[in-house]
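Under this note's numbering, the first residue of the sequence shown is numbered 70, with each subsequent residue one higher. Ideal placement from N, C-alpha and C gives every residue a C-beta, glycine not left out. This report concerns only the one structure given below.
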Amino acid sequence: MEGRWKESLTYKKKDNVEKMSIEKNMTKKKDGIATMKKNHSKLQTMKKSCITPLVSMLLLGQHQLERAISYATEKCEDLDISIERRGRRRFRKRMPGEVARDAGLTLPEELQRAMLECLDRFYEELEHRYKAMDDILITFGVVQPKTLLTSTEEELRDIVPNLTKIYDELCAEDIILEILRLRRHLEAASISLQEAVQWTTLELLKFIVKRDYSESVPSLALCLKFLIICVSVASCERSFQT
Numbered sequence: 070m071e072g073r074w075k076e077s078l079t080y081k082k083k084d085n086v087e088k089m090s091i092e093k094n095m096t097k098k099k100d101g102i103a104t105m106k107k108n109h110s111k112l113q114t115m116k117k118s119c120i121t122p123l124v125s126m127l128l129l130g131q132h133q134l135e136r137a138i139s140y141a142t143e144k145c146e147d148l149d150i151s152i153e154r155r156g157r158r159r160f161r162k163r164m165p166g167e168v169a170r171d172a173g174l175t176l177p178e179e180l181q182r183a184m185l186e187c188l189d190r191f192y193e194e195l196e197h198r199y200k201a202m203d204d205i206l207i208t209f210g211v212v213q214p215k216t217l218l219t220s221t222e223e224e225l226r227d228i229v230p231n232l233t234k235i236y237d238e239l240c241a242e243d244i245i246l247e248i249l250r251l252r253r254h255l256e257a258a259s260i261s262l263q264e265a266v267q268w269t270t271l272e273l274l275k276f277i278v279k280r281d282y283s284e285s286v287p288s289l290a291l292c293l294k295f296l297i298i299c300v301s302v303a304s305c306e307r308s309f310q311t
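Here it is as structure tokens:
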């Protein structure tokens with residue numbers, strides 16, 4: 070009898086343990102579902118907050134485009150300049166099953182299309198011509214005054230490789246040590262980081278040279294000197310002419 074009683078008691082304990090584990094798993098699942106719902110609602114809120122400004126910007130741009138076209142047509146009318154379409158009007162060939170002919174674009178629609186084509190072309194040219202400047206900014210981003218003086222050491226370790234991958238003669242660890250050393254030099258000179266952040270690259274280099282810190286931060290001084298080299302505007306003009 071005692072053995073049977075012990076066996077039944079053991080089975081009851083096992084059943085209780087299994088029930089407790091099932092209840093724990095159900096509670097975890099419920100918590101996970103609730104967390105997922107919260108994250109989903111946050112994501113939807115973020116989407117709405119992003120989409121609304123984009124839609125408003127699109128509508129604003131469309132409104133400004135219509136205003137520009139309206140101004141241009143009114144100016145042509147005031148100056149007695151004909152804006153009628155020249156040449157024979159062409160119609161699109163009808164597809165099987167179509168009844169009405171395509172009348173083509175109206176004059177305001179053609180003006181709008183031409184203006185949008187010009188804007189697209191202008192945007193592509195800017196993207197292409199300023200890519201080199203963006204690459205330089207990314208490469209030398211670590212020596213920009215704001216990044217140089219306000220970034221944490223972990224952030225610097227992520228940014229410095231952009232420079233050392235191209236200029237392998239520079240050491241990432243040495244640059245990080247020089248940045249921390251430069252901050253101590255500023256503190257010793259009673260210059261707050263908030264004030265130094267407003268400096269230009271030239272002003273920061275002047276501070277290093279005037280205080281004779283070039284030997285203390287040689288890599289930073291070299292990078293700053295490279296950034297302030299004067300570039301002839303003629304090269305940019307030739308680039309835009311081609």
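Same chain only: Cβ atoms within 8 angstroms of residue i, ignoring 5 sequence neighbours per side
| i | result |
| --- | --- |
| residue 245 | 222, 225, 226 and 229 |
| residue 294 | 274 |
| residue 290 | 274, 277, 278, 282 and 283 |
| residue 233 | 239, 240, 241 and 244 |
Cβ-based burial, residue i [other Cβ within 10 Å; buried from 16]
| i | result |
| --- | --- |
| residue 139 | exposed |
| residue 240 | exposed |
| residue 282 | buried |
| residue 292 | buried |
| residue 298 | exposed |
| residue 179 | exposed |
Sub-7 angstroms separation of residue i and residue j beta-carbons
| i | j | result |
| --- | --- | --- |
| residue 220 | residue 247 | no |
| residue 250 | residue 278 | no |
| residue 296 | residue 262 | no |
| residue 269 | residue 235 | no |
| residue 273 | residue 214 | yes |
Sequence-distant residues of the same chain with beta carbon closer than 6 angstroms to residue i, five excluded per side
| i | result |
| --- | --- |
| residue 137 | none |
| residue 265 | 218 and 255 |
Contact set for residue i: own chain, Cβ-Cβ below 7 angstroms, skip 5 residues either direction
| i | result |
| --- | --- |
| residue 210 | 216, 228 and 231 |
| residue 102 | The predicted model places residue 102 with a pLDDT of 49, which falls under 50 and marks its position as unreliable; any figure quoted below should be read in that light. Excluding residues within five positions, none has a Cβ falling inside 7 angstroms. |
| residue 206 | none |
Residue nearest to residue i in terms of C-alpha spacing, selected from the options
| i | options | result |
| --- | --- | --- |
| residue 181 | 290, 196, 133 and 205 | 133 |
| residue 135 | 150, 148, 196 and 183 | 183 |
| residue 271 | 233, 212, 149 and 189 | 212 |
| residue 258 | 267, 280 and 243 | 280 |
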